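In short: position in the sequence shown from 1, add 330, done, that's this note's numbering.
Backbone N, C-alpha and C fix where the C-beta goes; we use that ideal spot for every residue, glycine too.
Source: prediction; values computed, not measured.
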Amino acid sequence: MTDAAPKPVPFYRRRPSRRTSVVLGVLALALVLLVVLFDWNWLKGPVQSLVRAQTGREFRIGGDLNVDLGRTTTISGEALTFGNAAWSKEPTMASADRAEFDIEIWPLLFERQTRIPEIRLTKPTLRLETGPDGVGNWVFGDPDGEPIRFRKIWIDDGRLQFFNAPKKTDVDISVNSSQPRREDAAPPIDVEGKGRWIGNPFNISGRAESPFELSNSDKPYRINLRADAGPTRAHARGNLINPFQLRNFNLQLALSGQNMENLYPLIGIAIPPTPPYKLDGRLIRKGDVWRYQDFKGVVGDSDLGGTATVTVGRKRPLLEANLVSRRLDLDDLAGFLGAPPQAGGDESTNPELRAQTLQLAADTRVLPDKPYDLTKLRSMDADVRLKAHRINAPNLPLDDMDAHLKLNAGIVNLVPLNFGVAGGDIRSTIRMDAREAVIRTQAKVSVRRLDLSKLFPDVKLTKDAVGLIGGDMAIAGTGNSIAAMLGSADGDVALGMGRGQISNLLMELAGIDIAESLKFLLTKDKKVPIRCAFGDFAVKDGMMHSRALAFDTEDTLIVGDGDINLKNETLDLELRPRPKDRSILALRSPLVVGGTFKDPSFHPDFKRLGLRGAVALALGSIAPPAALLATLELGPGKDSACGGKYAK
331 MTDAAPKPVP
341 FYRRRPSRRT
351 SVVLGVLALA
361 LVLLVVLFDW
371 NWLKGPVQSL
381 VRAQTGREFR
391 IGGDLNVDLG
401 RTTTISGEAL
411 TFGNAAWSKE
421 PTMASADRAE
431 FDIEIWPLLF
441 ERQTRIPEIR
451 LTKPTLRLET
461 GPDGVGNWVF
471 GDPDGEPIRF
481 RKIWIDDGRL
491 QFFNAPKKTD
501 VDISVNSSQP
511 RREDAAPPID
521 VEGKGRWIGN
531 PFNISGRAES
541 PFELSNSDKP
551 YRINLRADAG
561 PTRAHARGNL
571 INPFQLRNFN
581 LQLALSGQNM
591 ENLYPLIGIA
601 IPPTPPYKLD
611 GRLIRKGDVW
621 RYQDFKGVVG
631 DSDLGGTATV
641 TVGRKRPLLE
651 ANLVSRRLDL
661 DDLAGFLGAP
671 PQAGGDESTN
681 PELRAQTLQL
691 AADTRVLPDK
701 PYDLTKLRSM
711 DADVRLKAHR
721 INAPNLPLDD
731 MDAHLKLNAG
741 IVNLVPLNFG
751 VAGGDIRSTI
761 RMDAREAVIR
771 TQAKVSVRRL
781 DLSKLFPDVK
791 LTKDAVGLIG
801 GDMAIAGTGN
811 SIAAMLGSAD
821 GDVALGMGRG
831 QISNLLMELA
841 GIDIAESLKF
851 LLTKDKKVPI
861 RCAFGDFAVK
871 DGMMHSRALA
881 FDTEDTLIVG
891 DGDINLKNET
901 LDLELRPRPK
911 DRSILALRSP
921 LVVGGTFKDP
931 SFHPDFKRLG
941 LRGAVALALG
951 SIAPPAALLA
961 TLELGPGKDS
971 ACGGKYAK
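Here it is as structure tokens:
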């Protein structure tokens with residue numbers, strides 16, 4: 331029996347021969363030397379070609395390329411440039427003096443995922459711009475490919491530019507990374523720079539989220555930025571979604587400035603001139619709707635709060651607002667009438683409006699003559715409600731206000747414009763048609779139950795007065811300012827008062843009864859019942875001509891006649907008093923009211939003494955016009971007949 335042949339030994343168990351060991355040693359040494367001595371710059375060409383193939387953009391490494399191999403490999407390059415979109419006038423979208431980034435090898439080899447834990451950039455520049463078709467130059471490559479996963483970026487002395495030519499917007503800011511609050515967090519960036527927003531220069535500074543979050547359309551991008559455009563200041567803090575699109579965001583926004591009129595070129599919303607303002611609220615955008623929600627602040631010497639919404643993407647932007655003021659300083663609304671607010675003392679104003687106030691004070695006219703800006707009236711639509719619970723107007727007994735303004739295609743409607751006045755109210759509806767070169771205006775005003783004693787609270791002789799005033803006005807005029815509208819007005823104006831009482835001294839002075847006036851000046855005054863008082867005027871081309879003008883009390887009967895010129899702002903009224911007592915010194919002289927609205931004059935016309943007999947009868951009926959009867963509270967009784975035996 332013969333022995334079996336021995337089994338062959340596997341090659342991996344065989345002891346290498348001396349020759350094989352030498353060969354393997356040489357190969358290992360060659361590999362080590364290759365790694366140590368390898369010049370990574372040899373790979374710049376293939377890397378540039380690979381990036382170009384993946385992105386469609388030119389990529390160049392002008393300096394050295396180095397690689398530090400490991401489980402997480404570090405790659406660095408110098409003098410890097412990345413090409414721009416073909417439609418851009420600038421060939422370079424991004425560049426850096428030096429870029430260094432880490433890449434995880436195992437996910438790249440086995441999961442085919444590119445993970446870059448950190449990028450470090452020295453003097454990088456990034457130019458972002460919107461193309462002719464509205465697509466940004468940051469959109470490139472295969473949108474369906476596996477995205478690169480970034481975690482952190484550190485920027486040293488960077489620069490970021492953003493251009494949107496159709497909207498006349500450009501931004502140029504310096505960018506530097508700052509230390510994050512947590513070690514594993516992406517470093518935020520500090521920004522400072524300037525630019526133009528819709529053609530208006532501005533400056534900006536603050537802190538924002540890591541730039542890697544700019545293109546993240548799902549995760550909110552946090553910012554805390556301050557900007558100023560001329561005298562206008564803004565402080566925005568909160569979240570943006572897809573900030574380059576600016577389609578959706580939720581920010582806390584503080585706004586302040588010298589004049590809200592300055593916001594027009596920035597946001598396209600026409601606001602009349604105002605004193606300095608300061609507001610803070612929530613700014614929310616969803617698509618074409620911008621909402622400034624639950625804001626609070628001050629405008630001049632008035633508090634103001636509410637919510638305002640602007641809808642764009644339509645033929646004209648639409649402003650909708652619901653505003654409330656707990657204490658409204660009336661002169662802060664002067665800009666709506668084409669006049670500046672008051673200046674001096676503790677009044678809030680700005681240099682521009684102060685100069686206008688001084689100019690107005692030197693003017694001999696009272697009615698505002700600053701034209702409305704027709705371009706602004708036609709540039710937007712509006713639906714704004716303003717309620718003031720309390721009004722500060724030292725020279726006027728105003729209590730509150732309710733105004734509802736509607737603007738549509740150049741037509742302004744104030745429906746209503748209501749004031750609580752002296753315990754009563756003044757209700758108005760106003761329509762302004764600004765579709766043509768000259769504004770056509772219609773106004774209807776009703777006056778009800780104004781308390782005479784409250785109308786002149788600071789006049790001693792009216793403190794004990796009793797009586798309720800009412801009436802109606804309806805006028806229409808053309809012109810682009812308040813002065814022009816009233817100076818061309820046609821219509822009717824009628825005001826009157828029913829039963830009440832007034833100071834005897836006031837009536838004796840009106841009747842120029844020297845003896846009676848001296849007596850009541852030196853002794854105790856008394857009250858005189860009033861039957862009625864009224865004025866009825868026809869208005870034609872800015873001239874108010876009296877149709878009926880009378881004042882009837884127990885002591886004195888006054889009838890009048892004359893004109894009020896709204897175009898020239900002059901007064902020419904003659905009041906003829908007839909005392910009902912038999913005072914031997916009663917002069918029975920007419921009282922002439924003349925002068926201007928700004929400087930009226932009151933003086934007796936002694937030249938006309940003794941020229942008349944029964945004054946009241948000569949001037950005709952003093953019965954109130956039928957249109958006024960519904961507004962006057964004459965009361966019951968035999969003395970309720972206005973005019974007494976002189977009424978016809």
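Which two residues bound the contiguous beta strand (DSSP E) that contains K626?
-> Locating residue 626 in the sequence shown gives position 296, counting from the first residue. Looking at the DSSP string, the run of the beta strand (DSSP E) that includes K626 is 619-629.
How many Å lie between S951 and D882 at the Cα?
-> As a working mapping, residue 951 is identified with position 621 in the sequence shown. As a working mapping, residue 882 is identified with position 552 in the sequence shown. Residue confidence for S951 is low, a pLDDT of 48 falling below 50, so the modelled location carries little weight and cannot support an answer.
Using 10 angstroms around the beta-carbon of G392, count the other beta-carbons present and answer buried if the total reaches 16, otherwise exposed.
-> In the sequence shown, residue 392 corresponds to position 62, counting from 1. Exposed, by the Cβ-count rule.
Endpoints, alpha helix (DSSP H) assigned at M873 = Here residue 873 refers to the residue found at position 543 of the sequence shown. In the DSSP annotation of this structure, M873 is not part of any alpha helix (DSSP H); the continuous beta strand (DSSP E) holding it starts and ends at 873-883.
So, helix, strand or coil for R708, using DSSP?
-> Working through the sequence shown from its first residue, we reach residue 708 at position 378. The answer is helix: DSSP assigns R708 an H, G or I state.
Return the bridge partner residues of L896 from the DSSP annotation.
-> As a position in the sequence shown, residue 896 is number 566, starting the count at 1. By DSSP's assignment, L896 forms no beta bridge with any residue.
Could you check which residue in C862, A863, D891 has the C-alpha nearest to that of H984?
-> The structure shown has nothing for residue 984, since the chain only spans 331 to 978.
Taking the C-alpha atoms as reference points, what is the distance between R720 and A733?
-> To locate residue 720, count along the sequence shown from 1; it is residue 390. To locate residue 733, count along the sequence shown from 1; it is residue 403. The straight-line gap from Cα to Cα measures roughly 13 Å.
Every unbroken beta strand (DSSP E) inside the segment 516-561 [3 residues or more] | The qualifying runs are 519-527, 530-538, 551-559.
Leaving out the 5 sequence neighbours to the left and right, which residues in its chain are closer than 7 Å to K498 when beta-carbon positions are compared?
-> Against the sequence shown, residue 498 aligns to sequence position 168. Sequence-distant partners of K498 (beyond 5 residues in either direction) whose C-beta falls short of 7 Å from its own C-beta, in its chain, are R526, I528, G529.
So what's D463 in DSSP terms, helix, strand or just coil?
-> Working through the sequence shown from its first residue, we reach residue 463 at position 133. In the structure shown, D463 sits in coil (DSSP, three-state: anything other than H, G, I, E or B).
Coil, strand or helix - L901 by DSSP = Locating residue 901 in the sequence shown gives position 571, where the first residue counts as 1. In the structure shown, the three-state DSSP call for L901 is strand.
Contact set for P462: own chain, Cβ-Cβ below 7 Å, skip 5 residues either direction = For the purposes of this step, residue 462 is taken as residue 132 along the sequence shown, with counting starting at 1. Result list for P462: W417, in chain order.
Please classify T385: does DSSP put it in a helix, a strand, or coil?
-> Position 55 of the sequence shown holds residue 385. Here T385 sits in helix by DSSP.
Out of A739, V696, M762, which has the shortest C-alpha to C-alpha gap to Y702?
-> The count along the sequence shown starts at 1 and reaches residue 702 at position 372. Shortest Cα-Cα distance from Y702 to any of A739, V696, M762 involves M762.
For D713, which residues from the same chain have a beta carbon less than 7 Å from its beta carbon, with the 5 sequence-adjacent residues on both sides left out?
-> Sequence index remark: in the sequence shown, residue 713 carries index 383 (1-based). Non-local C-beta neighbours of D713 in its own chain, meaning closer than 7 Å and more than five positions away in sequence, comprise E650, K736, ordered along the chain.
For the beta strand (DSSP E) that K774 lies in, which residues bound it at each end?
-> Along the sequence shown, read from residue 1 onward, the residue named residue 774 stands at position 444. It spans 770-781 - the beta strand (DSSP E) in which K774 sits, taken as one unbroken run.
Return the CA-CA distance between D820 and D610, expressed in angstroms with no decimal places.
-> Residue numbering aside, residue 820 sits at position 490 when the sequence shown is read from its first letter. Residue numbering aside, residue 610 sits at position 280 when the sequence shown is read from its first letter. Whole-angstrom Cα-Cα distance: 45 Å.
Please report how far the alpha carbon of I741 lies from the alpha carbon of R770, in whole angstroms.
-> Within the sequence shown, numbered from 1, the residue matching residue 741 stands at position 411. Within the sequence shown, numbered from 1, the residue matching residue 770 stands at position 440. When rounded, the distance between both Cα atoms is 10 Å.
Please work out which residues of its chain come closer than 6 Å, Cβ to Cβ, to L825, disregarding the five sequence neighbours upstream and downstream, and give them in chain order.
-> The residue given as residue 825 occupies position 495 in the sequence shown. When the five nearest sequence neighbours on each side are left out, the beta carbons in the same chain lying within less than 6 Å of the beta carbon of L825 are those of G801, G865, in order along the chain.
For P454, does the three-state DSSP call read helix, strand or coil?
-> Locating residue 454 in the sequence shown gives position 124, where the first residue counts as 1. Coil, per DSSP.
In terms of alpha-carbon separation, which member of F867, G809, R861 lies closest to D822?
-> Within the sequence shown, residue 822 is the residue found at index 492, counting from 1. Out of F867, G809, R861, F867 has the C-alpha closest to the C-alpha of D822.
Give every residue of the same chain whose Cβ lies closer than 6 Å to the Cβ of L581, excluding the five residues on either side of it in the sequence, and list them in chain order.
-> Indexing the sequence shown from 1 puts residue 581 at position 251. So the qualifying residues of the chain are A566, G568, L613.
From the DSSP output, read off the bridge partner residues of F493.
-> Translated into the one-based positions of the sequence shown, residue 493 becomes position 163. For F493, which the question treats as bridged, DSSP gives the partners E459, D500.
Give the DSSP-derived three-state secondary structure of W370 in the structure shown.
-> Mapped onto the sequence shown, residue 370 falls at position 40. If DSSP states are grouped into helix, strand and coil, W370 belongs with the helices.
Contact belief for L780 with G809 at Cβ below 8 Å, rounded distance in angstroms | Taking the sequence shown and counting its residues from 1, the one referred to as residue 780 is at position 450. Taking the sequence shown and counting its residues from 1, the one referred to as residue 809 is at position 479. Wrong, their Cβ atoms sit about 28 Å apart, outside the cutoff.
Among L438, I433, L439, M423, nearest to F493 - alpha-carbon criterion | The residue you call residue 493 lines up with position 163 of the sequence shown. Taking each of L438, I433, L439, M423 in turn and checking the Cα distance to F493, the smallest one comes out for M423.
Determine the contact status of F431 and I449, defining contact as a CB-CB distance below 8 Å.
-> The residue given as residue 431 occupies position 101 in the sequence shown. The residue given as residue 449 occupies position 119 in the sequence shown. A contact, by the Cβ cut-off of 8 Å.
For G830, write down the residues that DSSP places opposite it in a beta bridge.
-> Stepping through the sequence shown from its first residue, residue 830 is reached at position 500. Looking at the DSSP output, G830 bridges to I860.
Specify the secondary structure class of I599 as computed by DSSP and reduced to three states.
-> Here residue 599 corresponds to residue number 269 of the sequence shown, with the count starting at 1. DSSP places I599 in coil when its eight states are reduced to three.
Would you say the beta carbon of V714 comes nearer than 7 Å to a heavy atom of the ligand MN?
-> The model on display carries no ligand, and the ligand MN is accordingly not part of it.
Tell whether a beta-carbon distance below 8 Å holds between P605 and G643.
-> Reading the sequence shown from its first residue, position 275 is the one you call residue 605. Reading the sequence shown from its first residue, position 313 is the one you call residue 643. Contact flag unset, no.
With 16 other Cβ atoms within 10 Å as the buried cut-off, status of E899 = In the sequence shown, counting from the first residue as 1, residue 899 sits at position 569. The residue in question, E899, is buried, as its Cβ has 16 or more Cβ neighbours within 10 Å.
State yes or no: is the C-beta of I534 within less than 8 Å of the C-beta of I485?
-> On the sequence shown, position 204 is the one that residue 534 refers to. On the sequence shown, position 155 is the one that residue 485 refers to. No, they are not a contact pair.
With a 10 Å radius around its C-beta and 16 neighbouring C-beta atoms as the bar for buried, classify R442 as buried or exposed.
-> The residue labelled residue 442 in the question sits at position 112 within the sequence shown. In the assembly as shown, R442 is an exposed residue. Its beta-carbon has fewer than 16 other beta-carbons within 10 Å.
Run of the alpha helix (DSSP H) containing L660, from where it starts to where it stops = The sequence position of residue 660 within the sequence shown is 330, counting from 1. Taken as a continuous stretch (DSSP letters only), L660 belongs to no alpha helix (DSSP H), as it is neither H nor E.
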